[in-house]
Amino acid sequence: MAATFVPLRHLTLCFSLSQVQRKEGLQNGWGGVKPPRYSPFSRNRDDYNTPHSIRPIKPASIETLPLLEPPFVENPELEPVDPDFYRIGYRRSMRAYGVKFKQGADGMGVYAAKDVEALRRPRMIMEIPLELMLTVSKKLPWMFFPDIIPVGHPIFDIINSTDPETDWDLRLACLLLFALDCKDNFWQLYSDFLPGEDECTSLLLATEEDLLELQDENLASTMRKQQQRAMEFWESNWHPGVILKIKRLAPESRRFKWAVGIAQSRCINMRMRMVSLIQDANMLVPYADMLNHSPEPNCFFHWRFKDRMLEVMINAGQEIKRGEEFTINYMSGSSNYMLMQRYGFSSPVNPWDNFQFSGNARIHLDSFLSVFNISGLSDEYYHDSQLSSNEDTFVDGAVIGAARSLPTWSDGDVPLIPRVERKAAKELREECQKMLVEFPTTLEEDQQLLDSMPEARKTLEVAIKYRLHRKLILQKMIKSLELYQERILF
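Residue numbers (this note's numbering): 162 to 651.
Here is the structure:
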């Protein structure tokens, strides 16, 4: 089945290939590809004419002996996933190549089973049958693949009542709940490995106390509206008089909010052929949804349909060592505010986080970029490490974010005046310090609070981390302005 697609997770790099050779032979059914066999005395067809001719051994073809290689040490903080996680997919023709799934403190992730080189050629890491996914079209008429909803089932009337433009997550949540109730459905087994209601970080499940801990009234107000939207939909369709086969799908509103949170955080938008039509669809893709986010990802990630299989492919942007996690960027260009709304997490090095400045002070953009060896256009800023010393580790995503967030000016014909530039940097630094002081708690208090509550609710934990990360970014911005004042070029 061939199709074009537009992924919901914005990708910054993508390649198309006419053919990807399928790798064969897995260790114990999973893991990596078996190493090739080498024979120092192998002969070609002409060798049989000269009985004693032996092909010379090329040094490049000799592999390093395992005894001479340093032993691989597993990360003690990671645990191997339950073998049933592999088994339920393997029996249904799902395949994984060169990757392992492991359980960590923040949930499950995908890790390299062998060293991965940084190549422009994409490599396939998973093959997932379309029948294992949950798919619903984005526009009318509603189409499902696989078509698990029987004709006349009342869940279709509930899905049909949604707004085609805005309620994609509600439709996908209804489909997920229905699949979890279907006998012998794959998702009944796979749901054991999804985060439960107490483990889910979606702020749809947050209490009012959790929302207050964000220390961000705009985000808290937005999440209250989303909670109210989910609650009103549940109350209108799961009222006391509803029939049992609908009521048991989500007997409580918290169950429905959990399903909406799973749909929002794991949905992929893709264009695919459904029956005889090519439609945009919202999909839940098992196994591939275990790839975690990073603002500084080590690989790019895209898809390809082939023979009723979805091939999950990656391009490693850097060398990935065995045991390291594959990370991708879910929403390129999104601030922590947006990531918290959709996924329920934030990052202290998000290069797209921003703050609003009210003063008139501005610094020279080109000068700030040159001081920290930041290159590229505004949407593609990156730290050029070749221009920095090996010991300089100050520049990270937060500094790149400061280059985007700080008020700047740039005019190629007008040089900066160092005295004026230092004054502007000082004023901006004071404004950052003022924003930092306006938070009800300090950095140290937030960290102590997290350390004192190892068993805290997930929604409370991510709320405290969100405000902590905002303060860390502000602190990094203050330090970068201090360094800029010292390093301004005359």
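Glycine included, every Cβ here is placed at the ideal spot set by N, Cα and C.
- Given a length threshold of 4 residues, each whole run of the alpha helix (DSSP H) inside the region 479 to 545 is given here in chain order: 497 to 503 and 526 to 532.
- Around the CB of E647, fewer than 16 other CB atoms lie within 10 Å, so the residue is classed as exposed.
- By DSSP's assignment, L597 forms no beta bridge with any residue.
- Apart from the 5 residues on each side of it in sequence, D514 sits with its Cβ closer than 6 angstroms to the Cβ of S496, N497, G562 and I634 in its chain, given in chain order.
- Here L337 is not near L364, since their CB atoms are 8 angstroms or more apart.
- Take S528, set aside five residues on each side of it, and the residues of its chain with a beta-carbon closer than 6 angstroms to its own are L577, in chain order.
- The DSSP-derived three-state label of L239 is coil.
- Residue pairing by DSSP places M269 opposite Q264 in a beta bridge.
- Under DSSP, the beta-bridge partners assigned to R434 are I439.
- Looking at the DSSP output, S298 shares a beta bridge with A442.
- A contact between stretches requires three or more CB pairs, one per stretch, nearer than 8 angstroms, and the region 387 to 395 meets this requirement with the region 414 to 431.
- Assignment of F555 by DSSP, reduced to helix, strand and coil, places it in the coil class.
- Between the beta-carbon of D612 and that of R483 there is about 32 angstroms, and that puts the pair past the 8 angstroms contact cut.
- The criterion of a C-beta distance shorter than 8 angstroms is satisfied by W570 and R523.
- Among the bridge pairs identified by DSSP, N476 is matched with F461.
- Residue burial is scored here from C-beta neighbours: E278 has fewer than 16 other C-beta atoms within 10 angstroms and is therefore classed as exposed.
- According to the DSSP secondary-structure assignment, C428 is paired through a beta bridge with L445.
- In the three-state DSSP reduction, K344 falls in the coil class, being neither helix nor strand.
- Put simply, the backbone Cα of D377 is about 12 angstroms away from that of H630.
- Per DSSP, reduced to three states, the secondary structure at M384 is helical.
- Rounded to the nearest whole angstrom, the CA to CA distance from A449 to G265 is 17 angstroms.
- In terms of Cβ geometry, N490 and H525 do not form a close pair [threshold 8 angstroms].
- Along the length of the region 600 to 642, whole alpha helix (DSSP H) runs at least 4 residues long occupy 604 to 612, reported in chain order.
- Sorting I535, K386 and G259 by C-alpha distance to the C-alpha of D557 places I535 at the top.
- For A411, DSSP assigns no beta-bridge partner whatsoever.
- DSSP, reduced to helix, strand and coil, places I404 outside both helices and strands of the structure shown, so it counts as coil.
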